[in-house]
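Engineer:
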Amino acid sequence: MNVARSRTRIAVVGSVAAASVLLLSGTAFAHVTVQPEGVPAKGGYAVVDFKVPNERDNAKTVKLEVSFPADHPLASVMPQPVPGWNIEVTKSKLAKPLTVHGKQINEAVTKVTWSGGTIEAGQFQKFPLSIGTLPTDTDQLVFKALQTYDNNEVVRWIEESKKGAPEPANPAPALQLTAAAAPGGDDDAAAPAATNTSAKQTGASAASSSDTDTTARVLGIVGILVGIAGVAFGVFAGRRRSA
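So this is what it looks like as structure tokens:
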């Protein structure tokens with residue numbers, strides 16, 4: 186009986202834990218987020234997707250507005266067409282011009298708006314953008330997003346997460362940046378050298394093996410010829426004695 190009760194308690198606790206994990210996971214993934222395609226390295230370009238889930242059972246998402254950080258303006262923002270959605274790109278003059286590839290940039294994209302489409306209940310939509318150049322003096326870019334439903338409800342995803350603090354109710358989408366890739370690293374240079382060395386060693390081994398085989402064959406043939414010559418000499422010598 187005690188064993189049966191223990192098993193029952195374990196099963197109940199396991200079910201509750203699993204349900205809690207699913208509930209928390211559902212809550213975490215219900216936010217508007219920004220996800221990179223590939224590695225968003227500092228000083229480079231990246232394609233990112235703003236992922237928008239529909240959190241309402243009785244309303245459809247009909248609009249998304251994404252505002253870009255003013256303290257780290259991006260010189261290039263190019264949206265990818267999304268079927269069924271209209272895209273509006275808003276630019277503003279910069280207080281401090283940017284210099285990109287030797288060219289001075291006086292304005293940058295401050296907001297991108299998608300409208301005209303719908304995200305049904307229980308579904309999500311990705312909104313891709315190509316952005317750059319990514320800043321080199323920060324580890325992340327924080328965007329602010331407004332999600333509008335067809336019942337005129339607006340959810341403001343604008344709260345910045347703080348280290349060591351609980352996640353806010355409506356966190357702003359944040360893109361984590363990686364260190365800039367070093368051009369022509371030592372590892373890249375060493376790899377071909379190692380490959381060439383290995384190839385040379387393999388070729389030398391093959392050549393040595395081939396030379397050994399050839400030598401063995403020649404010695405074998407010489408041995409056979411010497412043997413035949415010895416037999417012939419023996420026969421000839423025997424005939425001379427008989428005569």
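Under this note's numbering, the letters of the sequence shown match residues 186 to 428, in that order. Backbone N, C-alpha and C fix where the C-beta goes; we use that ideal spot for every residue, glycine too.
Which runs of the beta strand (DSSP E) at least 3 residues long sit entirely within the region 216 to 240? Give them in chain order.
Structural biologist: Entirely contained in the region 216 to 240, the beta strand (DSSP E) runs reaching 3 residues are, in chain order, 218 to 222 and 231 to 238.
Engineer: If you run the structure through DSSP and keep just helix, strand and coil, what is I343?
Structural biologist: Coil, per DSSP.
Engineer: Going by DSSP, what residue range makes up the beta strand (DSSP E) through P313?
Structural biologist: Its beta strand (DSSP E) spans residues F309 to G317.
Engineer: In the structure shown, what three-state DSSP assignment does G349 receive?
Structural biologist: Looking at G349 - three-state DSSP - the assignment turns out to be coil, as it is neither helix nor strand.
Engineer: Output the distance between the C-alpha atoms of V251 and I290, rounded to the nearest integer angstrom.
Structural biologist: The straight-line gap from Cα to Cα measures roughly 21 angstroms.
Engineer: Between which two residues does the beta strand (DSSP E) harbouring E338 extend?
Structural biologist: First-last for E338: undefined, no H or E at that position.
Engineer: Hey, how far is the Cα of G301 from the Cα of F309?
Structural biologist: Straight-line Cα distance between these residues: approximately 15 angstroms.
Engineer: Is K278 helix, strand or coil by DSSP?
Structural biologist: If DSSP states are grouped into helix, strand and coil, K278 belongs with the strands.
Engineer: Where does K329 fall in DSSP's three states?
Structural biologist: Three-state DSSP puts K329 in a strand.
Engineer: DSSP on P358, reduced to helix/strand/coil?
Structural biologist: In this structure, P358 counts as coil in the three-state DSSP scheme.
Engineer: Give the range of the beta strand (DSSP E) segment to which Q265 is assigned.
Structural biologist: Premise fails: Q265 is in no beta strand (DSSP E) and is neither H nor E.
Engineer: Secondary structure at W270, three-state DSSP: helix, strand or coil?
Structural biologist: It is coil, neither helix nor strand.
Engineer: Decide if the region 265 to 284 is in contact with the region 351 to 369; the criterion is three or more beta carbon pairs, one per stretch, under 8 angstroms apart.
Structural biologist: Because the criterion of three Cβ pairs below 8 angstroms is not met, the region 265 to 284 and the region 351 to 369 do not touch.
Engineer: Hey, out of L249, L314 and N239, whose CA is closest to E222's CA?
Structural biologist: Comparing Cα-Cα distances from E222 to each of L249, L314 and N239, the minimum goes to L314.
Engineer: By DSSP, does A293 sit in helix, in strand, or in coil?
Structural biologist: In this structure, A293 counts as strand in the three-state DSSP scheme.
Engineer: State yes or no: is the C-beta of V224 within less than 9 angstroms of the C-beta of I316?
Structural biologist: Taking 9 angstroms as the Cβ cut-off, V224 and I316 do not qualify as a contacting pair.
Engineer: Could you work out which residue in S346, A231 and E240 is closest to T333 when comparing CA atoms only?
Structural biologist: Ranking S346, A231 and E240 by Cα distance to T333 puts E240 first.
Engineer: With a Cβ-Cβ cutoff of 9 angstroms, do P254 and L331 count as a contact?
Structural biologist: It is not a contact, given that the beta carbons lie outside the stated cut-off.
Engineer: Provide the residue span of the beta strand (DSSP E) that contains E250, from first to last.
Structural biologist: That run of the beta strand (DSSP E) goes T246 to S252.
Engineer: Does L259 come out as helix, strand or coil in the three-state DSSP assignment?
Structural biologist: Residue state, collapsed to three classes: coil.
Engineer: Could you tell me the distance, in whole angstroms, from the CA atom of T380 to the CA atom of S261?
Structural biologist: The pLDDT assigned to T380 is 41, lower than 50, so where the model puts this residue is not dependable; a value taken from the coordinates is nonetheless given after this. Cα to Cα, T380 sits roughly 40 angstroms from S261.
Engineer: Name the DSSP bridge partner or partners of T321?
Structural biologist: None, per the DSSP bridge assignment.
Engineer: Within 10 angstroms of its Cβ, does T218 collect 16 or more other Cβ (buried), or is it exposed?
Structural biologist: Classification for T218: buried.
Engineer: State the DSSP-derived secondary structure class of G370, mapped to helix, strand or coil.
Structural biologist: Bear in mind that a pLDDT of 45 at G370, under 50, signals an unreliable position, so the number given afterwards is only what the model happens to contain. Coil, per DSSP.
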